[in-house]
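Data block below; observations after.
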């Protein structure tokens, strides 16, 4: 990115993260270490050449690095300690947008692949039962999708695009419009309300269905979204 020609910390920060996709790459690296293909999957719409350019840019500045796997940790791209300090900034920006500008998703933003990926990053492993479970997502809408999220303590979280074909006692079936599940994930709609209203259907093993609401923490921004919705409800804008 070209320099703003200003001796100002805000200008210097904008020169580092102001290019299109750079901040989104940093968002994904907050979940790292992550491989190149996984990064691309979390950034639909970015070309591989642009992703490579942004990664090189962040590496040159000491914000990110690429490591090889060893006995202690997996390989891939990750933030350096300098880059990790940006985590609070990224979350603050997201919280500001969640509080003031986030509206219902547009049709173009309803990406079931991305939604299931995000959900898979917010699993409360301690809340899972003592057996492997499979959440069968059947998402409907303009871009329908079918996914099987395999979960097992202490650390297995795997997205499958074919049924792993376990015994029925391992399954929960979730049927919903993609838009409705986005609303639940982002905190604009409570899970129990989505089920009660028929916007989301849960079925399967009764003990798993009862426990399902405890397995996911949903978006980091969901509490902010819920608070903003409550504020708007209690103080509607005039006119």
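Residue numbers (my numbering): 11 to 249. Backbone N, C-alpha and C fix where the C-beta goes; we use that ideal spot for every residue, glycine too.
key: Buried or exposed by the 16-neighbour rule on C-beta atoms within 10 Å, applied to residue 168   = The residue you call residue 168 lines up with position 158 of the chain shown. If you draw a 10 Å sphere on the C-beta of residue 168, you find fewer than 16 other C-beta atoms in it, and that means exposed.
key: Any 3 or more C-beta pairs closer than 8 Å across the stretch 166-180 and the stretch 141-155   = Yes, the stretch 166-180 is in contact with the stretch 141-155.
query = Just reading off the alpha helix (DSSP H) that residue 181 is part of, what are its end residues?
reply = Here residue 181 corresponds to residue number 171 of the chain shown, with the count starting at 1. Unbroken run through residue 181 is the beta strand (DSSP E), 181-187; no alpha helix (DSSP H).
query = Distance, Cα to Cα, residue 138 vs residue 218?
reply = Within the chain shown, the letter at position 128 stands for residue 138. Within the chain shown, the letter at position 208 stands for residue 218. Rounded to whole angstroms, residue 138 to residue 218 spans 9 Å at the Cα level.
key: Collapsed DSSP secondary structure at residue 99 in the structure displayed   = In the chain shown, counting from the first residue as 1, residue 99 sits at position 89. In the structure shown, residue 99 sits in a helix (DSSP, three-state: H, G or I).
query = Considering only residues of the same chain and omitting the five flanking positions on each side of residue 77, which have a CB-CB separation below 6 Å?
reply = Here residue 77 is taken as the residue at index 67 of the chain shown, counted from 1. Cβ neighbours of residue 77 beyond the five flanking positions: 85.
task = Report yes or no: do three or more beta-carbon pairs, one from the stretch 103-121 and one from the stretch 68-76, lie closer than 8 Å?
result = These segments do not touch.
query = Start and end of the beta strand (DSSP E) containing residue 168?
reply = Against the chain shown, residue 168 aligns to sequence position 158. If you look at residue 168, you'll find it in the beta strand (DSSP E) that goes 166-170.
task = Look at the alpha carbon of residue 2 and the alpha carbon of residue 235, and state the distance between them as a whole number of angstroms.
result = As displayed, the chain neither begins before 11 nor continues past 249, which places residue 2 out of reach and without an answer.
ask   = Roughly how many angstroms lie between the CA atoms of residue 51 and residue 201, to the nearest whole one?
value = Position 41 of the chain shown, counted from the first residue, corresponds to residue 51. Position 191 of the chain shown, counted from the first residue, corresponds to residue 201. Residue 51 and residue 201 have their alpha carbons spaced roughly 26 Å apart.
Residue 232 at chain B interface by Cβ criterion, 8 Å = Protein chain content of the structure displayed is limited to a single chain, and chain B is not contained in it.
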